[in-house]
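Just so we're aligned: 17 in this note's numbering is position 32 of the sequence shown, and the numbers increase by one with no gaps anywhere. All C-beta atoms, glycine included, are put in the ideal place defined by N, C-alpha and C. See structure below.
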Amino acid sequence: MHPADRFLRRWWEGVTSWLRDEDRREWLVGLCLLTLLLVSFVSRSGFPWDRGDWVSWAQHIQKHGLAHAYDSGANYPPVWLFVLDLYARLCPTPQAVADYIPFMKLVALGFDVLIVVVVSWFLAGAGVARRRSLWLLANPAFIYISLMWGQVDSVFTAFLVLALWSAVRGAPVWGSVCITLALLTKLQAVILVPGLAVLLLWPVRRQPRRIAAAVVASLGTALAVLAPFILAGTLGQVVEVFRSAVGFHPVVSKGAYGFWNLLLPGEDLGALDDAGGALGVSYKSMGLALCGVHYLVALAAMLRAWREKPPPGGEGERLARVCSALALMVMAFFLFATEMHERYLYPAIPLLGLAAGLTGWWGSYLWLSAGFFLNLEHVLGATLFARLVRALPPWSIAAVVMGGFWVVLFGLWRGGDPSAARWVRRGERTARGLCWASVIVVVLATLGGMTVARRAGFHLTFVKPQLLEGYVKLTELPILAQEGAPNALRVNEGWAGGALRTGHVDFGFGFGTHAPSAVSFRVPPEATVLQTVVGVADSAAGCKVADVLFRVIDGRSRVLAETGVLTAESPPVILRVRLRGVTEVSLQTLEGRNGRDCDHAVWGEPVFFVVPGL
């Protein structure tokens, strides 16, 4: 028999033998069906800035080569640029790069599927049905980033999960390769590197040759990935990307809803410099301290579980505790550190999903998934639930995520071995004390933050609507007609000067005016909705007689929307007006019941949406 025929025959016999198991067949069928279903929902939607980056970077690589990718302004480590390089080679023209960029979602979705496959290996090794891993792929919070957002967090997370699999299998060399690839994909993978390194190297701590082999494998992997940049003399650009990653967005939060939303519920955290703070301590330092304490508690819990010898049949329980501890590290990073993006909680989802699959207790997994989905949807608004979710203030979503964090934290340190050494029992008591201290600190910080915000005049239930794409600013359109005093309308500033601000919320563009006044615009033919935020300007906050009524009318003087009388203490109001059949709108600012004194008004971020179906 020809060697090729012999190989194919053995391969086919192996496949048929593997499929004789009913659990494997059910899992494979479910995996294929779910994957096909998700692929069928891939669309052109996504986060516009990320999508624009992929296009510009890939077009630059297509023209100048991979080694010069960082000349385009790319700020990602090299592994994802290799993917963009392959994509650029498949596209015949720069226009094709832009046209087919939604297919990059399939790459990220493929790594989601890979994570599910690896989780099924863990479950099968513990004697648990593989089909439990499919609950990951059916979880909207798990596939949201790849399918809706169009980001690539699944890529580095897949490498981290493979590193965990290597640790369980006693393969530190392969584990170190996976960790290196994760770091060269996204630097945020660093949060799990200490924990995974301990899991990989602890069993071989007295075997220097195996440790050396793991280090050499890691260095070799890094050298292979960086080779194109080394040969082209652009390695310095790669180093600069890693160096500048910390502090790239020096603000308290870039969309992650966590501890800071509870401590500072009325602040715009995306515009608040994390170098600021209180009592001489910066927000950044406070965040790192809180993150560090919780990280050490999680690391201690992981070591506690990894070192103990489980009873017969208890390996799954031990691995579940290890996974929960790793997930807790990710959650501490997300909740307490500054500069966090909304996506950074993603690695915790498959880790808690694996823990839930091993133990059958799905509470913390579902809880955290709900909080993560709400956070993502609040920022992107990619589903039919966007309007409902965005009506929730960010601090309420942060409370959900924080609650899930505590559930995992206390679950790791419940109970204890009464026969353990005294120092072990003392350490367990200290850890449980830190758990309760965490609750007390966060609750007191929340109560204090809410109290201060209310006294300062913040409206904690108001949520400023987000603008992503598909709109035309009214401030950039020609004014059709204007009524009122000659100086009654200011563009992109308050009527009394300074920023456009109402209810302690700043607006990047809009109109500052004084009642009575009106300004009219022609409605673009493709416009479907007019949206704006209105309220009495903060410049009138100290005036008790300030009251204004806001009204939107069409060209035939029909009232399309009206607020009623608002005072300086009223929260801002969001106006959304459907424009079917409307060709002209007028924004009217009218006197309230107390005359026109102090009637400073704000039309914040008025836009015509031009996206069909809004």
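Could you give the first and the last residue of the continuous alpha helix (DSSP H) run that contains residue i?
i             : result
serine 270    : 268 to 292
glutamine 47  : 33 to 49
histidine 363 : 348 to 365
proline 79    : 79 to 84
aspartate 56  : Premise fails: aspartate 56 is in no alpha helix (DSSP H) and is neither H nor E.
alanine 109   : 89 to 110
tyrosine 72   : 63 to 75
aspartate 8   : 7 to 25
glutamate 300 : 300 to 321
alanine 340   : 333 to 344
leucine 216   : 193 to 217
leucine 373   : 371 to 374
Please look up how many angstroms separate the CB atoms of residue i and residue j, rounded, as I've assumed it's under 8 Å.
i                 : j                 : result
phenylalanine 244 : phenylalanine 358 : Going by Cβ atoms, the distance from phenylalanine 244 to phenylalanine 358 rounds to 19 Å, so no, they are not a contact pair.
glutamate 11      : arginine 116      : 5 Å
valine 562        : valine 544        : So it is not a contact: roughly 10 Å between Cβ atoms.
proline 62        : phenylalanine 227 : 7 Å
leucine 247       : tryptophan 380    : 6 Å
valine 504        : leucine 474       : 6 Å
phenylalanine 319 : alanine 241       : 6 Å
methionine 502    : glycine 469       : Looking at the sequence provided, one finds serine at residue 502 rather than methionine. Indeed, because the Cβ distance is near 3 Å, the residues count as touching under 8 Å.
tyrosine 456      : phenylalanine 593 : 6 Å
leucine 564       : alanine 512       : 5 Å
So residue i is in the beta strand (DSSP E); what residue range does that whole segment cover?
i                 : result
phenylalanine 573 : Strictly speaking, residue 573 in this sequence is glutamine, with phenylalanine absent from that position. Note, glutamine 573: beta strand (DSSP E), 569 to 576.
histidine 585     : 585 to 594
Under the rule that 16 or more other beta-carbon atoms within 10 Å means buried, what is residue i, buried or exposed?
i                : result
threonine 78     : exposed
valine 415       : In the sequence as displayed, the identity of residue 415 is threonine instead of valine. Per the 10 Å Cβ criterion, exposed.
aspartate 258    : exposed
aspartate 6      : exposed
alanine 49       : The amino acid at residue 49 is misidentified as alanine; the sequence shows histidine. So histidine 49 counts as exposed.
isoleucine 425   : exposed
phenylalanine 88 : exposed
valine 587       : buried
leucine 599      : Caution applies to leucine 599, whose pLDDT of 45 falls short of 50 and renders its modelled position unreliable; the value that the coordinates give is listed next. Leucine 599 comes out exposed.
valine 14        : exposed
glutamine 173    : buried
glutamine 47     : buried
lysine 529       : exposed
proline 335      : buried
threonine 142    : buried
serine 555       : buried
isoleucine 130   : buried
glycine 589      : buried
glycine 218      : exposed
glycine 221      : exposed
isoleucine 215   : exposed
leucine 145      : buried
glutamate 610    : This structure cannot settle anything about residue 610, because the visible part of the chain is limited to -14 through 599.
glycine 527      : exposed
serine 542       : exposed
valine 82        : buried
glutamine 451    : exposed
Can we count residue i as close to the ligand FMN, meaning its CB is less than 7 Å from some heavy atom?
i          : result
leucine 94 : The ligand FMN is absent from the structure shown, which contains no ligand whatsoever.
Start-end ranges of the beta strand (DSSP E) lying completely within the region 440 to 518, minimum 3 residues: Runs found: 456 to 458, 466 to 468, 474 to 476, 485 to 487, 490 to 492, 495 to 499, 502 to 507.
Q. At a cut of 8 Å, does the region 101 to 117 reach the region 12 to 21 through at least three beta carbon pairs?
A. Taking a cut-off of 8 Å for Cβ pairs, the region 101 to 117 and the region 12 to 21 touch, as three or more such pairs fall below it.
Q: May I have a chain-ordered list of the beta strand (DSSP E) segments no shorter than 3 residues that lie completely inside the region 513 to 564?
A: Within the region 513 to 564, complete beta strand (DSSP E) segments of at least 3 residues are found at 514 to 521, 532 to 539, 544 to 552, 558 to 563, given in chain order.
*What residue ranges within the region 112 to 190 form continuous beta strand (DSSP E) runs of no fewer than 3 residues, ordered along the chain?*
Counting whole runs of 3 or more residues, the region 112 to 190 contains no beta strand (DSSP E) stretch at all.
- Query: Using 8 Å as the Cβ pair cut-off and three pairs as the minimum, do the region 517 to 527 and the region 473 to 486 touch?
  - Reply: Enough Cβ pairs lie closer than 8 Å, so yes.
Cβ contact check for the region 382 to 391 and the region 149 to 158: 3 or more pairs under 8 Å: In short, these stretches do not touch, since the Cβ pair count stays below three.
Stretch-stretch touch, CB-based, cutoff 8 Å, three pairs: the region 461 to 471 with the region 494 to 502
Because the criterion of three Cβ pairs below 8 Å is met, the region 461 to 471 and the region 494 to 502 touch.
*asked:* Using 8 Å as the cut-off, can you tell me whether the region 320 to 337 makes contact with the region 272 to 289, which would need three or more C-beta pairs spanning the two stretches below that distance?
replied: At 8 Å Cβ cutoff, the stretches touch.
Restricting to runs no shorter than 4 residues, where is the alpha helix (DSSP H) found entirely within the region 226 to 262? Given a length threshold of 4 residues, each whole run of the alpha helix (DSSP H) inside the region 226 to 262 is given here in chain order: 244 to 248.
- Would you call the region 341 to 359 and the region 376 to 389 in contact, with 3 or more CB pairs under 8 Å? Enough Cβ pairs lie closer than 8 Å, so yes.
Alpha helix (DSSP H) segments (min. 4 residues) lying fully within the region 378 to 433: Runs of the alpha helix (DSSP H) lying entirely within the region 378 to 433, each at least 4 residues long, are 379 to 397 in chain order.
Handout entry: Cβ contact check for the region 550 to 559 and the region 511 to 518: 3 or more pairs under 8 Å
Key = Using a C-beta cut-off of 8 Å, the region 550 to 559 makes contact with the region 511 to 518, since at least three inter-stretch Cβ pairs fall below that distance.
Within 8 Å, do at least three Cβ pairs link the region 295 to 311 to the region 329 to 343? With a cut-off of 8 Å, the region 295 to 311 and the region 329 to 343 count as touching, because enough Cβ pairs lie within range.
Quiz prompt | Touch test, the region 139 to 154 against the region 162 to 169, Cβ-Cβ under 8 Å, three pairs minimum | solution = Two segments are said to touch when three or more pairs of C-beta atoms, one from each, lie closer than 8 Å; by this definition the region 139 to 154 touches the region 162 to 169.
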